[in-house]
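Residue numbers (my numbering), protein chains in the order written: chain F, 28 to 144; chain D, 125 to 289.
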Amino acid sequence: MTLDEDRLDETFAALANSTRRAILGRLAAGAATVNELAEPFELTLPAISKHIKVLERAGLVQRGQRAQYRPCALDAARLEEVATWAEQYRPVWEARFDRMDDYLKTLQPQRKTRRPR
Amino acid sequence: MTNTGSQDAVIIERSFDAPVDLIWQMWTDPEHFAAWYGPDGASVPVAKMDVRVGGTRLISMRMQTPNGAMQMWFAGEYREVVNNKRLVYTEFVSDENGNALAPADMGMPAGHPTTTEVRVEFEDVGGRTKMVMSHAGIPADSPGAAGWAMAFDKLTARVEAHTKR
Chain F
28 MTLDEDRLDE TFAALANSTR RAILGRLAAG AATVNELAEP FELTLPAISK HIKVLERAGL
88 VQRGQRAQYR PCALDAARLE EVATWAEQYR PVWEARFDRM DDYLKTLQPQ RKTRRPR
Chain D
125 MTNTGSQDAV IIERSFDAPV DLIWQMWTDP EHFAAWYGPD GASVPVAKMD VRVGGTRLIS
185 MRMQTPNGAM QMWFAGEYRE VVNNKRLVYT EFVSDENGNA LAPADMGMPA GHPTTTEVRV
245 EFEDVGGRTK MVMSHAGIPA DSPGAAGWAM AFDKLTARVE AHTKR
C-alpha cells in the first residue's frame, strides 16, 4: 500500500488541532449531527462546521448526503493510515533525504546526467 | 489497511545521482551527516560516530523554539557495518553523555518505542546509488496502538473497537 504524501500532510494538518481530535473522539462512538457535535464545546455552530469541513477534506469524516441533518461519521481507514508510530517519521525522513539530495548537488556540481548514446 | 507487517516501520527507497561511496559517507562521516540530518531551522552541533560493529554514536540537534533554543541528544550503537553496502544502528533519546532517557521525559508520546533501529542498504546502479532506509521501533509491541500522541492512542483504540474487522 502506498501512501500519498500530500494526502498524508493534509490528514496530519487536520489532526493538529485539539477540537478536531475531540470531534473525532466523539464520532468514534457513532455518527452525530453538527448540533450534537457542537454540544460539548463553547463554540458557535459555524465554528464547529468549519472544523468538520477540514476533517471532511482530509478524508477523516464523511457526511450523509441524504438526511436533512447530514450526520457526520468517522472514516476510520484514513485514521488507521496515520495512526502508526512509523508514519509520523516518514515526512521527517523524506525531508532529510531531500536535503541530502541538495547537499550532494553542492558537493559535486560538475556531475552531469549520463548522456544516452 | 493491508497487513504487510510493515506498519511499525518507515521504509523509504531513494535514488541519488552520486556514487555509492559518497552516499555511504553521508551516513558515516560526521561532517556530511550533519549537513542533511537536522530538520530545517535546526543544526547538528555534535555528531560522534564510531562506525564499527558495537561502536557508539552520539548526535545532538539544536533547534529554535518559541521558548528559546532547545538541544536534544540521541545515542545508539552500530549493529552492522558493511562498507558501501549496509549500515544498521540503534537510536534512543539520551543525555549529552549518551545515557538513555525515558521518552516521556522528552515529551514524546506514550507507546513511542524506547529504542529504534535504522537500517540502510546501499546499491550501486551504474554510477548512481539506490538507497533503502528502514526505521523501526524495537520491540515493536502493539504497533497498532503506538500512535503519535497520547490522545491519539486512545482515539485509535476507540476507532478499532468500533470498526468491524
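Glycine included, each C-beta is placed from N, C-alpha and C at the ideal position.
DSSP state of residue i mapped onto helix, strand, coil
i, result
"residue 253 of chain D", "strand"
"residue 38 of chain F", "helix"
"residue 71 of chain F", "coil"
"residue 267 of chain D", "Unreliable placement is indicated for residue 267 of chain D, whose pLDDT of 34 sits below 50; no coordinate value is reported for it."
"residue 273 of chain D", "In this predicted model, residue 273 of chain D has a pLDDT of only 35, less than 50, meaning its place in the structure is not dependable; the value taken from the coordinates is given anyway. Reduced to three states, the DSSP call for residue 273 of chain D is coil."
"residue 106 of chain F", "helix"
"residue 137 of chain F", "coil"
"residue 220 of chain D", "coil"
"residue 52 of chain F", "helix"
"residue 159 of chain D", "helix"
"residue 241 of chain D", "strand"
"residue 66 of chain F", "coil"
"residue 122 of chain F", "helix"
Beta-carbon neighbours of residue i, restricted to chain D and to distances below 9 Å
i, result
"residue 131 of chain F", "140, 141, 142, 146, 147, 150 and 160"
"residue 92 of chain F", "Going along chain D, no residue has its Cβ under 9 Å from residue 92 of chain F, so there is no contact; the nearest lies around 22 Å."
Cβ-Cβ distance between residue i and residue j below 9 Å
i, j, result
"residue 255 of chain D", "residue 135 of chain D", "no"
"residue 220 of chain D", "residue 184 of chain D", "yes"
"residue 197 of chain D", "residue 130 of chain F", "no"
"residue 63 of chain F", "residue 53 of chain F", "yes"
"residue 239 of chain D", "residue 140 of chain D", "no"
"residue 222 of chain D", "residue 205 of chain D", "no"
"residue 167 of chain D", "residue 150 of chain D", "no"
"residue 101 of chain D", "residue 246 of chain D", "Residue numbering for chain D in the displayed model covers 125 to 289; residue 101 of chain D lies beyond these limits and cannot be assessed."
"residue 133 of chain D", "residue 261 of chain D", "yes"
"residue 175 of chain D", "residue 152 of chain D", "yes"
"residue 248 of chain D", "residue 177 of chain D", "no"
Sheet register partners of residue i (DSSP bridge)
i, result
"residue 181 of chain D", "D:173 and D:200"
"residue 78 of chain F", "Note: residue 78 of chain F sits in no beta bridge, so no partner."
"residue 194 of chain D", "D:187"
"residue 57 of chain F", "The partner list for residue 57 of chain F (beta bridge, DSSP) is empty, contrary to what the question assumes."
"residue 205 of chain D", "D:211"
"residue 101 of chain F", "F:88"
"residue 246 of chain D", "D:255"
"residue 142 of chain D", "None; residue 142 of chain D has no bridge partner."
Where residue i meets chain F, residues with beta-carbon distance less than 8 Å
i, result
"residue 136 of chain D", "117, 120, 121 and 124"
Listed by chain order, chain D residues near residue i by CB distance under 7 Å
i, result
"residue 135 of chain F", "142"
Closer than 7 Å at the beta carbon, the chain F residues around residue i
i, result
"residue 169 of chain D", "Chain F residues near residue 169 of chain D: none, gap ~17 Å exceeds 7 Å."
"residue 154 of chain D", "Neighbours of residue 154 of chain D on chain F: none; closest Cβ ~14 Å, over 7 Å."
"residue 257 of chain D", "120"
Proximal residues of chain D, C-beta to C-beta of residue i below 8 Å
i, result
"residue 138 of chain F", "141 and 142"
Segment contact, 8 Å Cβ cut-off, at least three pairs: the segment 213–227 of chain D with the segment 186–194 of chain D: Segments in contact, no.
How do the segment 94–106 of chain F and the segment 48–68 of chain F stand: do at least 3 beta-carbon pairs fall below 8 Å, yes or no? yes
Using a Cβ distance threshold of 8 Å, determine whether the segment 71–89 of chain F contacts the segment 116–132 of chain F, with at least three qualifying pairs required. no
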